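J.: Sharing a structure with you now.
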Amino acid sequence: MKEFKGRAIVPGDATFEAVVTKNGFNTLASMQMMNLQPKTKCNDQSNPDLYKQIIEKKALCLPLTIGSTTGGMFLFAAVKEGKAPACLLFSQTIDSLAAAGAVLADVWAEDDMPVYDQLGDDFLNYVANGDKVTIKPDGTVIVNK
Amino acid sequence: METKMVLTPEQQAILDGSKGETMAKVMKTMVNYGEIFGAEKMVPVTSEYGHLVLSFGLMFLGPVFDLYQELIDNGCLSAQKFTCDPRPYDPAVPQSPIAKAAAKVIYSKQGRYEKEMKQLGLLNDDSFTCTCYMPELGNVPKKGDVLSWAESSAVVYANSVLGARCNRNSGIIELFGSVCGYVPYFGFLTDEGRKATWVVKLETTKMPDAQILGSAIGMKVMEDVPYVYGLDKYLGNELNDAAKTYLKDFGAATASNGAVGLYHIDGLTPEAVELGDKLIAEGAKEYIITDEELQRVKDNYPCIWKDPNATPEMCFLGCPHMSLEQLKDWTAKLESGLAAAGNKKVSIPTVFTTSTPVLKEFKKLPEYKKLTDMGVVVSYICPLMYMDNPLCASKPVITSSNKLRTYTTSRYYSNDEILEMLTKGVK
């Protein structure tokens, strides 16, 4: 078990299973087929860490998001449709596209998608697929192997 | 509502509901968004027009269209007219009957989307393009204008070539800025945020391919700001049509292969001309680009065709949309290339994409007939949206656009390689 401290942009208090990418998460490429899938899988062929893995209702651990400026609206739509990751845990400072998705979901959607950033490279190096990740409202993230 | 940001009385009143609950939520979204990045104030949007990234009625985006309808129902329309990214289909573009049927399902909300755009403030029916900043379109911001735009290739062009100020906004956020008239002051809106944290030195023996150079820089600096030395040797010191066209494609590659929102070209782009190396931040990192480095970058592009040895079946050029200069230039090159090879038409179905206003201008020129007689279709379509149709994505498509390569299954070749394939035949 290891504890990390980040910034709670949209706070939460829950435990989820981790799915991890060390590459930038291309939101459009990853999620554009989400409504054709029973559970949202990463559809980005350029991301070997995540390709074809289920990301829906998982704690998505990532450095930052990359790609099209449609990114925030896809995250927002995914939260509204119940097809989004359970939470987003960024090792770096959140990028403007993911930040838009976080805020849009927080203000305009009924369901929550907690978002934490600035968890550090150690967090991304430590956490692995299948770990249990507990998030606390003060920005604490606890990873259980 | 209390904020960390210091708001003007008018902004605070909007946040507190003076213009209704929906407008208050729009303002709350923009304030919360800015506070994530430490913005201390909201500033007015000063450009004449906005630009939106959403251009397609994708079936999966119902919640976005519901949100836009909520804005319309509550009178929260854009305070400025705006242009939008290109449409996802065009009957002129070759497509199998089954792929056409699939496109109708995938983009089944196109009618609803376009109706909403008109109600919210679309400039006109010809306003669908990613190159809204071309003079034929008229959405050309002035240096120093504050924008609320999205579309990565348009934002990087507006910031770098025009000297406007715009963050890499997401879709919806860009519309919200145009609706409430304010954007949070951070990032590329500030002088500090426009400083270069990378110095790129060009040491090639010839003018680099814009698409590969942009790709190399994008992948190296990611979201940082590069200051590029040595490119003015090839592009000159005047932002003429040729230089602007080069920078359009260069910038799109930096923005899609990385996440660049602003670059400076020494001796050429407006802030570099004005401020020179004062734009370079202390401790900036260095990246030297040689012929070998560009070759390494190109050789590392993956081919994700189902059969990497397949014979190309289609070619797309124009992502971002081509300029009038590019359409004329390609017409001349194809004409001489086909004549030299003893051929009359291009070897595979080929689509050049451009905005409707540029296409209208091009149709007035003799080159239009020459190009179409050679078998090329000129369309306003978004090739990226075309390729997002799974039935089109399974085809071996070639392109010289690094953006299209990045987001789709298409395979990258340089302009020279594509010219050879189109004129002499594909293998």
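In order, the protein sequence lines correspond to chains A and B.
Counting in numbering that gives the first Met the number 0, the first sequence runs from 0 upward without gaps.
Counting in numbering that gives the first Met the number 0, the second sequence runs from 0 upward without gaps.
Glycine included, every Cβ here is placed at the ideal spot set by N, Cα and C.
The model shown is predicted, which means the values in this text are computed figures rather than measured ones.
Using a Cβ-Cβ distance cut-off of 8 Å, determine whether A28/A contacts chain B.
T.: For the purposes of this step, residue 28/A is taken as the residue at position 29 of the first sequence. So, interface residue.
J.: CA-CA distance, Y262/B and N158/B?
T.: Residue numbering aside, residue 262/B sits at position 263 when the second sequence is read from its first letter. Residue numbering aside, residue 158/B sits at position 159 when the second sequence is read from its first letter. Straight-line Cα distance between these residues: approximately 8 Å.
J.: Assign L60/B to one of two classes, buried (16 or more other C-beta atoms within 10 Å of its C-beta) or exposed (fewer than that).
T.: Here residue 60/B refers to the residue found at position 61 of the second sequence. When all chains shown are included, L60/B counts as buried.
J.: Any Cβ of chain B within less than 8 Å of the Cβ of I134/A?
T.: Within the first sequence, residue 134/A is the residue found at index 135, counting from 1. With 8 Å as the cut-off, I134/A does not count as an interface residue toward chain B.
J.: Residues in the region 256-267 of chain B with C-beta within 9 Å of chain A's C-beta atoms, listed in sequence order?
T.: Per Cβ criterion, the list reads G257, A258 and G260.
J.: Considering only the alpha carbon of each residue, which of L337/B, C302/B, P382/B and D65/B lies closest to R86/B?
T.: Within the second sequence, numbered from 1, the residue matching residue 86/B stands at position 87. Closest option to R86/B, Cα to Cα, is P382/B.
J.: Measuring only between beta-carbons, confirm whether E55/A sits less than 8 Å from chain B.
T.: In the first sequence, residue 55/A corresponds to position 56, counting from 1. No, no contact with chain B.
J.: Using beta-carbon positions only, say whether M29/B and Y184/B come within less than 8 Å of one another.
T.: Working through the second sequence from its first residue, we reach residue 29/B at position 30. Working through the second sequence from its first residue, we reach residue 184/B at position 185. For M29/B and Y184/B, no; Cβs fall outside 8 Å.
J.: Roughly how many angstroms separate the alpha carbons of Q94/B and N388/B, rounded to a whole number?
T.: Along the second sequence, read from residue 1 onward, the residue named residue 94/B stands at position 95. Along the second sequence, read from residue 1 onward, the residue named residue 388/B stands at position 389. Cα to Cα, Q94/B sits roughly 11 Å from N388/B.
J.: Excluding five sequence neighbours on each side, which residues of the same chain lie with their C-beta closer than 7 Å to the C-beta of M22/B?
T.: Working through the second sequence from its first residue, we reach residue 22/B at position 23. Once the five neighbours on either side are set aside, the close Cβ partners of M22/B are I13, C75 and C179.
J.: Who are P43/B's beta bridge partners in DSSP?
T.: As a first step, residue 43/B must be located in the second sequence, where it is residue number 44. Partner(s): Y181/B.
J.: Could you tell me which residues DSSP puts in a beta bridge with D116/A?
T.: Here residue 116/A is taken as the residue at index 117 of the first sequence, counted from 1. DSSP output for D116/A lists R6/A as bridge partner(s).
J.: Identify the contact partners of K79/A in chain B, using a Cβ-Cβ distance below 7 Å as the criterion.
T.: Stepping through the first sequence from its first residue, residue 79/A is reached at position 80. Ordered by position in chain B, the residues that pass the 7 Å Cβ test against K79/A are P62.
J.: If we define contact as Cβ-Cβ less than 8 Å, is L59/A a contact residue for chain B?
T.: One-based indexing of the first sequence puts residue 59/A at position 60. Cβ-Cβ to chain B under 8 Å: no for L59/A.
J.: Residues of the region 46-57 of chain B with a CB closer than 7 Å to any CB of chain A: list them in chain order, please.
T.: Hits within the stretch, in order: V52 and L53.
J.: Could you give the residue range of the alpha helix (DSSP H) that holds K117/B?
T.: Numbered from 1 along the second sequence, position 118 holds the residue referred to as residue 117/B. Unbroken alpha helix (DSSP H) run through K117/B: Q109 to L119.
J.: Using a cut-off of 9 Å between C-beta atoms, extract the partners of D94/A located in chain B.
T.: On the first sequence, position 95 is the one that residue 94/A refers to. Under the 9 Å cutoff, chain B gives R167, E222 and A258.
J.: For the region 126-154 of chain B, enumerate the residues whose C-beta is nearer than 8 Å to any C-beta of chain A, in chain order.
T.: Residues passing the 8 Å Cβ filter: A149, E150, S151 and V154.
J.: 8 Å is my cut-off, CB to CB: does L88/A come that close to chain B?
T.: Locating residue 88/A in the first sequence gives position 89, where the first residue counts as 1. Not an interface residue.
J.: Where do the ends of the alpha helix (DSSP H) carrying G71/A lie?
T.: What you label residue 71/A is simply residue 72 of the first sequence in a count that begins at 1. Unbroken alpha helix (DSSP H) run through G71/A: G70 to K79.
J.: Pop quiz: Q79/B and E47/B are said to be a contact at Cβ under 8 Å. What is the actual Cβ separation, rounded to whole angstroms?
T.: Locating residue 79/B in the second sequence gives position 80, where the first residue counts as 1. Locating residue 47/B in the second sequence gives position 48, where the first residue counts as 1. The Cβ separation is near 7 Å, so the contact holds.
J.: Suppose you measure from the CA of K24/B to the CA of E1/B; what does that come to, to the nearest Å?
T.: By 1-based counting over the second sequence, the position of residue 24/B is 25. By 1-based counting over the second sequence, the position of residue 1/B is 2. Looking at the two C-alpha atoms, the distance is approximately 14 Å.
J.: At the level of alpha carbons, what is the spacing between L333/B and E109/A?
T.: One-based indexing of the second sequence puts residue 333/B at position 334. One-based indexing of the first sequence puts residue 109/A at position 110. Straight-line Cα distance between these residues: approximately 55 Å.
J.: Going along chain A in order, which residues have a C-beta closer than 8 Å to the C-beta of I171/B?
T.: Here residue 171/B refers to the residue found at position 172 of the second sequence. Here the neighbours are G71, M72, F75, A99 and L103.
J.: Would the region 43-61 of chain A and the region 150-170 of chain B be scored as touching if the rule is three or more Cβ pairs under 8 Å?
T.: Short answer: they don't touch.
J.: Roughly how many angstroms lie between the CA atoms of S393/B and R404/B, to the nearest whole one?
T.: If you number the second sequence from 1, residue 393/B lands on position 394. If you number the second sequence from 1, residue 404/B lands on position 405. Each residue's Cα considered, the two are about 14 Å apart.
J.: Residues in the region 0-20 of chain B with C-beta within 8 Å of chain A's C-beta atoms, listed in sequence order?
T.: Cβ contacts with chain A: none found.
J.: Once the 5 residues before and after M41/B are set aside, which same chain residues still bring their CB inside 6 Å of it?
T.: In the second sequence, counting from the first residue as 1, residue 41/B sits at position 42. Q10, Y181 and P183.
J.: Buried or exposed, going by whether 16 or more other CB atoms sit within 10 Å of the CB of A99/A?
T.: Looking up residue 99/A in the first sequence gives position 100. A99/A comes out buried.
J.: Which whole-angstrom value describes the C-beta separation of V126/A and V19/A, a residue pair presumed to lie in contact below a C-beta threshold of 8 Å?
T.: What you label residue 126/A is simply residue 127 of the first sequence in a count that begins at 1. What you label residue 19/A is simply residue 20 of the first sequence in a count that begins at 1. Indeed, because the Cβ distance is near 6 Å, the residues count as touching under 8 Å.
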